[in-house]
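Take a look at the structure below.
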Amino acid sequence: MKVRFAPSPTGYLHIGGARTALFNWMYAKSQKGSFVLRIEDTDLERSKKEFLDEILESIQWLGLSFDEIYKQSERFDIYRKYADQLLKEEKAYREGEAVILKMPQKEIKIYDLIRDEIVFDTAVLKDQVLMKSDGSPTYSFACVVDDALMEISHVIRGEDHISNTPKQVVIYEALGFKIPKFAHLPLIMGEDGGRLSKRTGAVAVSDYKKMGFVPEGIVNYLMLLGWSPGANQEIINLKKAVEKFSIKKINKASAVFSIEKLKWVNTQHIRQMDLEKLTDLIVPLLKEKGYLEAEFDRKKVESIVNLFKGRISILEDFVDWADFAFLKEIDVSDGDKEKFFTDDAKKRFKLLADSFEKLEVFDIKLCEESFRGLVDELKIKAADLVHPVRVALTGKTIGPGLFETMAIVGKENTIKRLRRAANL
RNA sequence: GACCCCAUCGUCUAGCCUGGUCAGGACACAAGCUUUUCAAGCUUGCAGCGCGGGUUCAAAUCCCGCUGGGGUCGCCA
C-alpha cells in the first residue's frame with residue numbers, strides 16, 4: 017500500500033496539515049507501505065519557495081520521513097496529456113483555453129475507512145474545470161491523475177475534502193483509473209469551536225518549534241486528537257504508536273486544539289528526554305540570549321538543566337526560569353523587595369553570608385547544614401529564611417530546591433547576592 | 001440556502017461494531033499533603049452519554065426524527 021501527504025506551498029505547514037501527514041505516515045509504517053510527499057504547487061502565483069523549504073523542514077523536524085517526493089509543477093505535460101485524452105473521447109469540452117469535464121448524472125458511492133459508505137448525487141454538481149485557461153491543471157484533476165499514476169492506495173486527508181471526493185471519483189471513472197480507498201480525518205478546531213486560525217493561536221508547526229516545543233511532544237499530542245493508543249495510555253513515542261495504530265479507530269468527530277494539554281504532553285517528553293539531548297536543545301537558546309559564550313562549562317550547564325528538567329513545559333521556560341544561573345546580577349522587583357527584604361531578613365542575609373564565608377566546600381549538603389545551623393541559632397522557621405533568600409539569589413519567588421540552587425549559583429555569587437540584598 | 005459529515009465530563013478521549021460491568025483515563029479546575037516555594041510530585045474531589053420517539057426484559061451502545069455543531073459549494077488547494 018502507498019499513501020501520500022500533499023501540501024501546497026502557499027503557506028507554512030499548518031498544525032492540522034502536520035496531523036494529516038502524521039496519520040498518513042503512521043498508517044504507512046503500520047502497514048509496511050510507503051509514504052509519498054507531493055508538493056501541490058500548481059498555483060504559480062501563490063506558491064513560494066520559502067514556504068516549500070519551511071514545509072520540508074517542519075516535516076523532517078517532526079520525524080516524518082518520506083519515500084518519494086514529487087512536484088506537480090514539473091508534471092504539467094502529464095496533466096495536459098490526460099486532458100487531451102478526455103477531449104478526444106468527448107468526455108470533456110473546451111471553453112476558450114480551459115478544458116472542462118462533462119458531469120455525468122449518476123449516484124456516486126465512496127468508501128471511507130473512517131465513515132464507511134458516503135453517497136452523493138452528481139445532479140447537484142456542475143461541470144468541472146480540469147485545465148485552467150493559463151494551462152495549469154486544477155487541484156482535483158492534478159490530484160486524481162497523480163494519485164492514480166503514483167499508485168496511491170489510500171487517500172487520507174482532512175474532512176474538508178469530503179465534498180471534493182465525488183467530483184474526483186467522476187474524474188477517476190472518466191480516465192478509467194482505479195479508485196483508491198479514502199479516509200477523511202476529522203478537523204481540528206480552535207478553542208472557540210471555529211476553524212483553527214491565527215486568531216485562536218499559533219498555527220504553524222515552525223511557530224511551535226520556536227516556542228520551544230519538542231517534536232516528540234507535538235507529534236504525541238497531535239495523534240491524540242482523534243485517536244487513542246488505548247489502555248488509558250497517552251504519553252507514547254512514534255514507534256510504539258505505530259505498533260498500536262489502526263485507522264479504523266480514528267474518531268469521526270472534530271477535536272478542539274488545547275494548548276494547555278499540548279504543554280502537558282510536551283512536559284512529559286522533556287522529562288523523559290536524556291540530559292545530553294535536552295542540553296543540546298537548550299544550549300543554542302542560551303547562546304542566542306547571550307547567557308553563554310562560545311566556550312562554556314558543559315557539565316555545569318547540564319547540572320542546571322537537570323535541576324529544571326521535569327518542571328519546564330517548553331524550552332523557553334528554562335531560559336526564563338534559570339536566567340539567575342547565567343546572569344552576573346539579578347533583578348528583584350519592587351514588590352518582592354518590599355515583601356521579602358524586611359529589616360529582619362536583611363540582618364539574616366548578612367549572618368548567612370558570614371557563615372557561608374567559613375565554608376571550605378560549598379556543596380548542597382554543607383550549604384544546608386550551615387543554613388539550618390543559623391536557623392536554629394536564630395530560633396526561626398526555615399521557611400522564614402528560605403523564601404527571602406531564594407528571592408535574593410534568583411530574583412524569583414519560586415524555583416527548584418534552595419540548596420541545589422545555591423550550589424548552582426556558587427559560593428562567591430551567593431555571598432555577593434546576599435550582601436547586595438542586605439543593602440537594598 | 002443546497003449537499004455532505006458529526007454528536008460521551010469545560011477540553012481530549014475509552015466504552016458503541018458483537019445492548020446487561022457504579023460510564024474508565026487524561027488536561028484544566030478545586031481542596032489537601034509535601035512544612036523549601038510551585039510552575040514539580042502525591043492524594044482526593046468536581047464534572048458527561050444533546051433532546052424526543054421507537055426496538056428490547058434491558059439502550060451511551062441498535063433504528064427514526066429533532067436540535068445543535070462542522071465542512072463544501074472557485075479556472076485556491
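Residues 17 to 440, numbered by the numbering used here, are exactly what the first sequence covers, in order. The C-beta atom is built at its ideal place from N, Cα and C for all residues, glycine as well.
Close beta carbons around residue i, own chain, < 7 angstroms, minus the five adjacent residues each side
i, result
"Arg287", "Lys325 and Gly326"
"Gly415", "Trp337, Arg406 and Thr421"
"Ala190", "Leu102, Lys107 and Leu117"
"Asn380", "One detail in the question is off: residue 380 reads as Ile in this sequence, not Asn. Result list for Ile380: Phe419, Glu420 and Ala423, in chain order."
"His177", "His200"
"Arg62", "Thr26"
"Glu70", "Tyr28, Leu29 and Ser222"
"Leu80", "Ala37, Leu38 and Trp41"
Residues of its chain near residue i, where Cβ-Cβ distance is below 8 angstroms and the 5 sequence neighbours each way are ignored
i, result
"Val52", "Lys18, Val19, Arg20, Phe21, Phe82, Asp83, Glu84, Ile85, Tyr86, Met166 and Ile168"
"Leu201", "Arg35, Thr36, Phe39, Ile130, Ile172, Arg173, Gly174, Glu175, Gly242 and Ile266"
"Lys366", "Leu434, Arg435 and Ala438"
"Leu78", "Ala34, Ala37, Leu38, Val221, Pro231, Ile234 and Val235"
"Val281", "Gly233, Asn236, Tyr237, Leu240, Glu250 and Ile251"
"Tyr307", "Val335, Asp339, Phe342 and Leu343"
Closest Cα partner of residue i within the set the options
i, options, result
"Leu129", "Ile431, Ser262, Gly417 and Trp337", "Ser262"
"Asp59", "Trp77, Gly32 and Pro25", "Pro25"
"Leu368", "Ser386, Glu232 and Gly206", "Ser386"
"Val377", "Gly426, Phe340, Ile330 and Pro153", "Gly426"
"Val335", "Lys355, Leu294, Ser371 and Leu394", "Leu294"
"Leu72", "Arg215, Gly33, Glu106 and Met42", "Gly33"
"Thr358", "Asn439, Lys48 and Ser152", "Asn439"
"Ser371", "Glu56, Glu70, Gly389 and Leu203", "Gly389"
"Tyr237", "Lys226, Gly246, Gly411 and Glu250", "Glu250"
"Gly233", "Asp69, Ile320 and Ile330", "Ile330"
"Ser179", "Val219, Lys125, Glu207 and Ser149", "Lys125"
"Leu375", "His177, Val402, Glu428 and Gly27", "Glu428"
"Ser276", "Glu207, Glu393, Ser152 and Gly49", "A small fix is needed here, since residue 276 is Glu in this sequence, not Ser. The shortest C-alpha separation from Glu276 is found at Glu207."
"Ile346", "Ser50, Lys142, Ala408 and Phe229", "Ala408"
"Lys268", "Gly49, Gly112, Gly417 and Asp132", "Asp132"
"Leu323", "Lys432, Ile396, Lys264 and Phe340", "Phe340"
"Leu301", "Lys142, Asp150 and Met227", "Met227"
"Asp296", "Gly306, Lys315 and Lys279", "Lys315"
"Val219", "Thr413, Pro245 and Ser274", "Ser274"
"Ser152", "Glu113, Asp137 and Glu123", "Glu113"
"Leu141", "Tyr155, Ala158 and Met119", "Met119"
"Ile298", "Asp313, Ala271, Val321 and Gly306", "Val321"
"Lys412", "Ile195, Gly351, Pro196 and Tyr127", "Gly351"
Neighbourhood of residue i by C-beta distance below 6 angstroms, restricted to the same chain and skipping five residues each side
i, result
"Val160", "Gln184, Ile187 and Tyr188"
"Met422", "Cys383 and Thr430"
"Phe356", "Pro404 and Val407"
Inter-residue CB distance, residue i and residue j (contact presumed, cutoff 8 angstroms)
i, j, result
"Ser74", "Val258", "Rounded, the Cβ-Cβ distance is 20 angstroms, inconsistent with contact."
"His170", "Ala199", "6 angstroms"
"Tyr28", "Phe67", "6 angstroms"
"Ile31", "Leu212", "7 angstroms"
"Gly246", "Lys264", "That pair is no contact at about 13 angstroms."
Residue i to residue j span [Cα, whole Å]
i, j, result
"Ser222", "Lys65", "16 angstroms"
"Val135", "Gln121", "14 angstroms"
"Asp290", "Val317", "14 angstroms"
"Glu90", "Met147", "15 angstroms"
"Glu309", "Asn253", "34 angstroms"
"Leu343", "Gly217", "32 angstroms"
"Tyr109", "Gln88", "23 angstroms"
"Val235", "Glu105", "47 angstroms"
"Tyr95", "Val115", "11 angstroms"
"Lys214", "Asp162", "31 angstroms"
"Arg54", "Val145", "21 angstroms"
"Ala164", "Tyr98", "12 angstroms"
"Thr283", "Ile328", "6 angstroms"
"Tyr43", "Thr410", "48 angstroms"
"Asp57", "Glu304", "35 angstroms"
"Glu393", "His403", "18 angstroms"
"Pro23", "Phe193", "23 angstroms"
"Gln76", "Met239", "17 angstroms"
"Lys256", "Lys48", "15 angstroms"
"Ser319", "Leu278", "26 angstroms"
"Thr181", "Asn248", "35 angstroms"
"Gly209", "Val272", "7 angstroms"
"Thr154", "Glu292", "49 angstroms"
"Ala158", "Glu123", "23 angstroms"
Can you list the alpha helix (DSSP H) stretches of 4 or more residues lying completely in the segment 291 to 316, in chain order?
291 to 305
Would you mind listing the alpha helix (DSSP H) stretches within the segment 134 to 166 that are 4+ residues and don't spill past its ends, in chain order?
155 to 165
Runs of alpha helix (DSSP H) lying entirely within the segment 364 to 423, each at least 4 residues, in chain order:
380 to 394 and 398 to 410
Quick one: complete alpha helix (DSSP H) runs, 4+ long, within the segment 239 to 267?
254 to 260
Any alpha helix (DSSP H) of 4 or more consecutive residues that is wholly inside the segment 87 to 138:
92 to 104
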